[in-house]
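Asker: Using my numbering, read the sequence shown as starting at 6 and increasing by one per residue.
Just so it is clear, CB atoms sit at the ideal spot from N, CA and C, and this is done for glycine as well.
Only a predicted model underlies this, so the values are computations on that prediction, with no experimental measurement involved.
The following block contains the structure, expressed as structure tokens.
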Amino acid sequence: EQIRVVTTDVEGQATAVIPRANPRGQGAGGLLTTDLFGLPTQLDEHTQDLIDRQYALLPEAESDPVKQAALRDVTAQLETMDFPNSDRDPLVAAFLAELHRRRLALLDASHGPNPPSPERLQALVAELFHERFSSVI
């Protein structure tokens with residue numbers, strides 16, 4: 006309760022609010038992506054763009070040779086950065102692609118007037134996990 010996030014609106018009016026996320030117990034990366042700092046990712050923009058592109062291509066590449074080639078190119082670029090995600094299980098890849106799609110929707114919503122709470126985000130991830138993996142667990 007001692008931490009405040011200070012924001013300024015378009016008219017220059019400053020407001021101090023208690024952050025939604027509790028910073029206790031979070032690492033540096035976790036803190037950067039809370040409302041304390043407001044960064045959408047811990048990664049640099051180029052790397053995050055590659056991962057976003059890879060997740061967008063995963064479901065599309067199954068039946069499209071052009072998208073398969075694009076996916077191979079993006080994956081090769083990520084492999085040069087030592088990202089070990091090129092040989093994922095297809096079920097995990099599908100889960101991550103859907104998680105990515107929903108993450109982008111939540112990021113858009115977080116900039117709206119009623120951003121989802123951390124509890125709501127956890128519930129959405131649990132729901133997605135249950136949808137994807139309930140048939141195999």
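Grouping DSSP H, G and I as helix and E and B as strand, with all else coil, what is V11?
Answerer: Position 6 of the sequence shown holds residue 11. Looking at V11 - three-state DSSP - the assignment turns out to be strand.
Asker: Whether or not the segment 97 to 107 and the segment 61 to 74 are in contact is what I'm after, with contact meaning three or more pairs of Cβ atoms, one per stretch, closer than 8 angstroms; do they touch?
Answerer: yes
Asker: What are the uninterrupted segments assigned as alpha helix (DSSP H) that are 4 or more residues long and contained completely in the segment 90 to 141, given in chain order?
Answerer: 95 to 115, 123 to 138
Asker: For T20, which three-state DSSP category applies?
Answerer: Within the sequence shown, the letter at position 15 stands for residue 20. Correct three-state label for T20: strand.
Asker: Would you grab the beta carbon distance between P28 and L48 for me? Rounded to a whole angstrom, and I think it's under 8 angstroms.
Answerer: Locating residue 28 in the sequence shown gives position 23, where the first residue counts as 1. Locating residue 48 in the sequence shown gives position 43, where the first residue counts as 1. Between L48 and P28 the Cβ distance is about 20 angstroms, and since that is not below 8 angstroms, they are no contact.
Asker: Between the alpha carbons of T12 and P120, how many angstroms are there, rounded?
Answerer: On the sequence shown, residue 12 is found 7 positions in, with the first residue counted as 1. On the sequence shown, residue 120 is found 115 positions in, with the first residue counted as 1. One C-alpha to the other measures close to 15 angstroms.
Asker: For L133, collect the residues of the same chain with a Cβ closer than 8 angstroms to its Cβ; drop the 5 residues on either side in sequence, then sort them by chain order.
Answerer: For this step, residue 133 is matched to residue 128 along the sequence shown. Answer for L133: F100, E103, L104, R107, listed in chain order.
Asker: Report the option in R9, T80, G34 whose CA atom is closest to the CA atom of A21.
Answerer: Taking the sequence shown and counting its residues from 1, one reaches residue 21 at position 16. Answer by Cα proximity: R9.
Asker: Rounded C-beta distance between V79 and Q59? I'm assuming under 8 angstroms.
Answerer: Against the sequence shown, residue 79 aligns to sequence position 74. Against the sequence shown, residue 59 aligns to sequence position 54. About 5 angstroms separates the two Cβ atoms, so the contact holds.
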